[in-house]
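Single-structure report; data block below.
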Amino acid sequence: MSEVLITGGAGFIGSNLALRLLREGHSVTVLDDLSRRGSEQNLAWLRAQFPALRFLQADVADPAAANRAVEGAARVYHLAGQTAVTVSVTDPLADFRSNAEGTLRMLEAARRYGDNPVFLYASTNKVYGDLTAARVERDGERYRLADLPHGVPESFPLDFASPYGCSKGCGDQYVRDYFRIYGLRTVVLRQSCIYGTRQFGVADQGWLAWFVQSSLCGREVRVFGDGRQVRDVLFIDDLLDAYAAAMSSPALSAGEVFNVGGGPANAIAVWSDVAPLLERLTGHPVPVSFADWRPCDQRVYISDTRKLEQRLGWRPKTDWQTGLGLLVAWLRENLGLFGA
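Start counting the sequence shown at 9; every next residue gets the next number (this note's numbering).
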């Protein structure tokens, strides 16, 4: 088993990843500044099961902390960063420091102090911008990509719209370049909408969990846009399978970029598809209001995951209806964590 570093390891994705790796017998270090809602609860949950978990509370943009955290690591999962477009618009400098500078600091630390690590970067579909280069059509109560039946491929033109898209895109390209220039074994996963257990959603990020929390707590669900925008959603366990596939086969993944999401089979309209199932799962109508579109919001985004399937043999296993049911069940049992 190996030494593993997870930045953002007390977050939604990071805590689920840490649990899986700890169960497999890896020695895990979590680097997290605990600024994200729910991160302290996730950390306590991990420590209760694995007291030997190593934890460093620090900012990834702090070079001393980055160097200390990565020392001896054979795997680095770089998940930490600012996650919301709206926050990046409000404070673009803080967004840049967290996502762009923080990623460069971690790359340098891994290059200088790691144990020739495989370095995985959690990128985002927002590097493709609002898809102005794609033809989008209205199709009943949803939008669709008229000319991309399999979704957006990795070859689609990059368009770093919004400060968040710029900062994450900057990290995305630095990670790619550290393979070309320094030979660091890096892999970029451009993630779509990830959801699942231990997700503490907020209004501007983690929208599916936020909808469920609001519904269970008797609050109105607020939808930005008209609710017909489409996203492909991916359950957390399937994402972790993609991580495992990339990390276990560096000869096939190093230097590569992969889109990872639910694909066309799990592409859902944000409200017109979700509302009926959410009402059945919660047992009551869900009140909703609509607000203006957010900056650079995509009418539709669907990941073309064929490269990941062909190269590493990965494909999602959890359909979105099953996954939403699992999320509702977990949130119902844990409403106390939200002050409900």
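Here a beta-carbon is modelled for each residue, glycine too, at the ideal position from N, C-alpha and C.
Just so you know, these numbers come straight off a predicted model, no measurement behind them.
query	result
Where do the N-terminal and C-terminal ends of the alpha helix (DSSP H) with arginine 119 fall, by residue?	110-121
Which runs of the alpha helix (DSSP H), 4 residues or longer, sit entirely within the region 218-271?	244-256 and 258-261
Whole angstroms are fine: how far does the CA of proline 258 sit from the CA of phenylalanine 298?	45 Å
In terms of residue numbering, what span does the beta strand (DSSP E) encompassing glutamate 11 cover?	11-15
Pick from Arg62, Met114 and Pro100: whose alpha carbon is nearest that of tyrosine 85?	Met114
Between the C-alpha atoms of aspartate 180 and leucine 192, what's the straight-line distance to the nearest angstrom?	14 Å
Is leucine 64 helix, strand or coil by DSSP?	strand
Go through its chain and collect everything with a Cβ distance to alanine 74's Cβ below 7 Å, but skip five positions before and after it.	Val68, Arg113, Met114 and Ala117
Skipping 5 residues on each side, what residues in its chain have a beta carbon closer than 6 Å to that of serine 175?	Asp103, Phe104, Asn107 and Ala108
Taking contact to mean 3 or more Cβ pairs, one atom from each stretch, closer than 8 Å, check whether the region 158-173 and the region 128-138 are in contact.	yes
Quick one: using the 10 Å Cβ neighbour count with 16 as the cut-off for buried, is glutamate 48 buried or exposed?	exposed
Anyone know if the C-beta pair for leucine 224 and arginine 340 falls short of 8 Å?	yes
Excluding the five sequence neighbours on either side, which residues of its own chain have a C-beta within less than 6 Å of the C-beta of arginine 319, listed in chain order?	Leu260
Can you say whether threonine 98 is buried or exposed, counting buried as having 16 or more other CB atoms within 10 angstroms of its CB?	exposed
Please name the residue in Pro71, Val126, Val220 and Gln199 whose C-alpha comes closest to that of isoleucine 21.	Gln199
Should the region 271-278 be regarded as contacting the region 292-306, the criterion being three or more beta carbon pairs within less than 8 Å?	no
Between which two residues does the alpha helix (DSSP H) containing leucine 128 stretch?	Unbroken run through leucine 128 is the beta strand (DSSP E), 126-132; no alpha helix (DSSP H).
Assuming glutamine 181 is part of the beta strand (DSSP E), what are its boundary residues?	Taken as a continuous stretch (DSSP letters only), glutamine 181 belongs to no beta strand (DSSP E), being part of the alpha helix (DSSP H) at 170-190.
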